[in-house]
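Under full-length UniProt numbering, residues 1 to 434 are what the sequence shown spells out, in order.
As C-alpha cells, the structure follows; a few thoughts come after it.
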Amino acid sequence: MTPSAQISAVIELLLNIQNQRHAPADATANRFFRQRRYIGGGDRRYVSAQIWEIMRHYRKLQWWLKRIGSPTNPRMMVAAFLMLTGKTLTEVSHLFSGERYAPLSLTQNEGLYLQSLENQKMFSDDMPKAVRYEVPDWVYPLLEQQFGDNIDAELSALLQPASLDLRVNLLKEERSNAKEMLKQEGISSENMPLSPWGLRVEGRQSVTSTNLFKDGIIEIQDEGSQLIALMTGVTSQMRVLDFCAGAGGKTLAMATMMQNKGQIIASDVHTVRVSAAEKRFRRAGVFNVQTHIFAEGAKWIKRRVKTFDRVLVDAPCSGTGTWRRNPDARLKFKANDLDELVAKQSDILDSAAKMVKEGGRLIYATCSILRKENQDQIEFFLKAHPEFKLVCPDTPEGLLPPDFYQNPTFQLTPAQYQTDGFFCAVLERQKDAE
C-alpha cells in the first residue's frame, strides 16, 4: 500500500470503531482486517499502530479540533493526529491527494483548520487534566483523591503502550529454556522482575504464531494477573474454585502451582468463555480442572457449599487498570457503569463466600484502580461477613516478592510496578468457635 492508501485505511477503521461503539476496538479492528485480506502484514501493523496511538490521544484530538472550530469526524481526527505528531500541512496535503486509494483532497476549509495546528504539540498547557490524561471528566476527581501528588505520574504511565507479558507453563518447560526457545523463533524477552514465571517482550510481536504458544508452553498474561494467582497460595492437596474463570488464565497459573494435582473447578456464566478455557487447558496439558457453567442454585453449587480450600473471585470490573491495552474503553466508561459493577461485585462476593470452608481462603481480585471496586468493596464485605478477616498470603516462600508476604492486599499500577492496574485481597473464613 502507498502511504496515502495506508492513511485511507486508518480513516476507514477509525470510522468503523466509532460506528460500533459497543464493540471493543480490537475486535472491530480484527474484523476489519479479516474482511480485507489484501492488506499485507506490514500495512496491517502500520494501520494498527496509528489507530492505537489515535485512541490513546482521542480526547486531546477532539479538544484541538473543537478549539480551532473544526468538525471532529475521523478524517479530520487523522489529519490532526498527523499534524500534532510532526507532519507539516504540505506533507498532510500530499497524503490527502485525492488520487486512487488516497483520501479525498483537503478542502479549503480543512486546509485552514489544519494550518492553525502547524507547530502545535499534542499536549497543551490549556488542556483540562482529564483531557490531557484521557480519562472521563467524572473519573479524574476520584483518581486525584486516591493518588494525590502522584496523580500526574500515575496517569502518565496509564497513557503508555503496555508491554507484551508472557507466562511460562512450568508443567511443560522451565522459564530459562522457554526464553531461549523464543529467541530461536526471533523473539527476544526478559525475565519479569516480580513473577517467577514471567517473560516480558517489548513491542508488538506475533507470539500466537510461535510453536511455543501452539504447544502450550507460553500463555499471554500480564504480570499482575500472574501475581494474583500466586497470592492464592494453592497447593497440590487443595480443592479450588475459580469462581469467575473467564477464559481460564488464572486457572492455568493455579494448575501449575498445584503441579496438575488436586482439583480446580473453573466456572463462569458465559458458555463461550468456558469453551475457550477448555481449549486452553488442553493445549497447556492441564487435567486437574473441571469446568461448570455458573447458575445460582445449580446442583453442583449446592453440593459444594463450604467445601473449597480456596475460592478465587476475579470479579467483573471497570477494567480501568487495563486502559493501557484498551484505550477505547476509557471513552465508554460511564458513572452508572461503575454503580452497576460495584453492586454486581458485592453480590458475587456474597455468593462466593458460601463456597469457602472453615479455615479456607477467599481471594478477591479486579483489574481496576478505583477504590470503590477495591478497598471499599472489601471493607463493605467484611462488615457484612464478620466470619472473614484479611490475612497475609501463605504462598510458598520465594514465589512472591518479599514485601508481598507482609500485606493481605495489594494495589498494582503501571507507574509503580510496570504492570496493568490490579487489586487483590486475601480473606480467611474463621473456624466456628467450639
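Note that the Cβ used here is the ideal one computed from N, Cα and C, for glycine as well.
Comparing alpha-carbon positions, which option in the options lies nearest residue i?
i, options, result
"M254", "F243, T232, S97, P71", "T232"
"N260", "F287, A80, D420, A245", "F287"
"V168", "S189, A353, A298", "S189"
"L349", "G198, E296, R75", "E296"
"I39", "P24, N19, Q237, A9", "A9"
"N191", "S209, E223, G421", "E223"
"P386", "Q345, D376, Q430", "Q430"
"E428", "F422, D394, K389", "K389"
"A425", "I11, A365, N119, A178", "A365"
"residue 445", "S236, F380, A384, P316", "A question about residue 445 goes unanswered here, because the residues of the chain that appear run from 1 up to 434."
"T90", "I187, A247, M127, L106", "L106"
"A353", "T208, A343, K66, R310", "R310"
"L171", "M257, G111, A79, F96", "M257"
"I265", "G248, Q146, E278, V240", "V240"
Looking only at its own chain, which residues have a Cβ that is under 6 Å from the Cβ of residue i, when we skip the five neighbours before and after it?
i, result
"I54", "F81"
"L312", "T232, D242, I363"
"M1", "D43"
"W300", "H292"
"V269", "F294"
"G203", "none"
"Q377", "Q345"
Which residues in the same chain have their Cβ closer than 8 Å to the Cβ of residue i, if we skip the five residues on either side of it in sequence?
i, result
"R56", "E134, L159, P161, P327"
DSSP three-state call for residue i: helix, strand or coil?
i, result
"F123", "coil"
"G148", "helix"
"G224", "helix"
"residue 457", "The question about residue 457 has no answer here: the residues shown for the chain are numbered 1 through 434."
"A253", "helix"
"S206", "coil"
"K431", "coil"
"A425", "strand"
"T409", "strand"
"N191", "strand"
Identify, in the order they occur along the chain, each residue of the same chain with its Cβ nearer than 7 Å to the Cβ of residue i, setting aside the five sequence neighbours on each side.
i, result
"Q6", "D43, Y46, V47"
With distances taken between CB atoms, is the gap from residue i to residue j smaller than 8 Å?
i, j, result
"A153", "A415", "yes"
"S163", "Y113", "no"
"L117", "P74", "no"
"L166", "I218", "yes"
"E373", "Q406", "no"
"E185", "N150", "no"
"M127", "L84", "no"
"D432", "E340", "no"
Would you say residue i lies against chain C (beta-carbon separation less than 8 Å)?
i, result
"L155", "The chain inventory of the structure shown lacks chain C, comprising one protein chain alone."
Could you give the residue range of the alpha helix (DSSP H) that holds residue i?
i, result
"H94", "89 to 95"
"F287", "No alpha helix (DSSP H) holds F287; DSSP gives it neither H nor E."
"A352", "335 to 353"
"E110", "108 to 115"
"F381", "375 to 384"
"S195", "No alpha helix (DSSP H) holds S195; DSSP gives it neither H nor E."
Since residue i is in the beta strand (DSSP E), which residue starts that stretch and which ends it?
i, result
"F32", "Per DSSP, F32 belongs to no beta strand (DSSP E); it is in the alpha helix (DSSP H), 25 to 34."
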